[in-house]
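Residue numbers (this note's numbering): 1 to 304.
C-beta atoms are modelled at their ideal positions from N, C-alpha and C, and glycine is treated no differently.
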Amino acid sequence: MHNAIYNAYFGFAENPFNISPDPEFLYRSPQHEEALANLIYGVRSRKGFIVLTGEVGTGKTTMLECLRDYLDSQRVEFAFIFNSRLTPEQFFEMMAFDFDLQCNRKSKTDVLFALNTLLLKQADRGRTCVLIVDEAHNLEWDVLEEVRLLGNLENRQGKLLQIILAGQPELDRKLDAPNLRQLKQRIVLRCSLDPLTPEECAAYVASRLARAGLPNQKVFSPELLEEVYKRSRGIPRLINLLCDNLLVTVFAMEQRIATIPMLDEVCRDLRLEWPGSLRDRRSRARYAASEEPLPEAPLSLSGD
């Protein structure tokens, strides 16, 4: 009932700032368009390994959801592994479950035979299969090695299994490790998502409000959106969090326009820090006070 009243107050058909990865609300900035195009191109061209990286909250999972919608529309068989803290045995079991392989899913050998059969059958039909691993930066070394070996499944026309690894920037650093150089050499496409620019932040908010049923929004002024950008650092998940809480505050106070004091209150409630914030300055001041003063002249050492 409360949600219905809230949506009716603003004229929303649905909440515009849910943090769930809904492809319907994808903001198609140039970098998001490019990343999605690369993912689709990599799958269609049977490129093998594709890596998607980005900071926390930049929209990687939403991008993967868009890719899943595309794969569904093209009737491409795919498996999506969303929990990456797995042992090799659990990894094969989850992959077999998502591909719906008819085999003993607790046996790695049986899973590999069933997977190979599926891949060859799809290849005979001119199709491919896709394995998507989200939060791939959490994969253990032995699981990453198993993933690399899955990349050996191929025929003369190309890779039989397209593997997409998505994760935080730690994934790139992990792939740079000497023991993973064989896997790194097989990555043919890399995509990355960066925080939004100030202009993209304003367009992002406007697009979500319009999608929810409020075109030409007047709730957030340009000045307020500049502060939202500064405090969120352009990260879409934080933008959603701030804007959602601002709308709740506006609704609760029976107002029509969000203000900077409202944003200050939201940031305090969320304990949000950003460069130049009071909390950030206090933190740096405490740190500076505990530091030993630097000597004015070099200390003399015996023997110099």
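Within 7 Å, strictly: CB atoms of residue i and residue j
i    : j    : result
G234 : P275 : no
T211 : I19  : A quick correction: the sequence has Arg, not Thr, at residue 211. Taking 7 Å as the Cβ cut-off, R211 and I19 do not qualify as a contacting pair.
V43  : Q162 : yes
G151 : F49  : yes
V143 : F91  : yes
D69  : P16  : no
E93  : R105 : yes
C191 : A8   : no
A123 : F99  : no
Cβ neighbours of residue i in the same chain (closer than 6 Å, five flanking residues each side left out)
i    : result
L39  : L67
G11  : G213 and L214
L165 : V51, V133 and A136
E291 : Interpretation of E291 is limited by its pLDDT of 46, a score under 50 that renders its predicted location unreliable; the figure taken from the coordinates is listed afterwards. Cβ neighbours of E291 beyond the five flanking positions: none.
A114 : L101 and C103
R271 : none
K184 : L175
E110 : At residue 110 the sequence reads Asp, which differs from the Glu that was named. The residues are C103 and N104.
I187 : F49 and V51
F25  : R208 and R211
Option nearest residue i by Cα separation, candidates the options
i    : options                   : result
E223 : F91, F80, E199 and C191   : E199
Y6   : R148, Q255 and R268       : Q255
L160 : A13, T128 and Y70         : T128
P88  : D100, L71, N138 and Q122  : N138
R148 : N155, Q182, A177 and D124 : Q182
L120 : K108, T109 and L153       : L153
N155 : I239, Q185, L175 and K47  : K47
L209 : A4, C243 and T58          : C243
T58  : Y41, V188 and S29         : S29
N83  : N116, E140, S45 and L175  : E140
S45  : K60, L189 and S73         : L189
K60  : E33, E77 and D72          : E33
Cut-off 7 Å between Cβ atoms - residues of its own chain near residue i, not counting five sequence neighbours on either side
i    : result
R281 : Reliability fails at R281, whose pLDDT of 49 lies under 50, so the model's placement of it is uncertain and no value is given.
C267 : R231
E226 : P198
E170 : H137
A37  : none
N3   : none
D172 : T53
Expected contact under 8 Å - CB spacing of residue i and residue j to nearest Å
i    : j    : result
T62  : Q168 : At roughly 15 Å, the Cβ-Cβ gap does not stay under 8 Å, so T62 and Q168 are not in contact.
S207 : I257 : Their Cβ separation, rounded to whole angstroms, is 20 Å, which puts S207 and I257 out of contact at 8 Å.
L246 : L263 : 6 Å
L101 : L118 : 7 Å
Y229 : Y27  : About 14 Å; that fails the 8 Å criterion.
Q31  : L193 : 6 Å
P21  : E65  : 5 Å
I239 : C201 : 6 Å
E273 : T249 : Between T249 and E273 the Cβ distance is about 20 Å, and since that is not below 8 Å, they are no contact.
Close Cβ partners of residue i (< 8 Å) along its chain, the five nearest in sequence each way excluded
i    : result
A13  : N7, A212 and G213
D269 : N245
I81  : F91, M94, M95, D98, L131, I132, V133 and D134
K108 : P88, E89 and F92
K218 : R256 and I257
**Study point:** 3-residue-minimum beta strand (DSSP E) runs that sit fully inside the region 139-188, ordered along the chain
**Key:** 161-167
Point to revise | Complete runs of the beta strand (DSSP E) confined to the region 59-89 [at least 3 residues] | key: 77-81
Review point. Which ranges would you report for the alpha helix (DSSP H) in the region 180-258 if only whole runs of at least 4 residues count?
Key: 181-186, 198-212, 222-232 and 236-252
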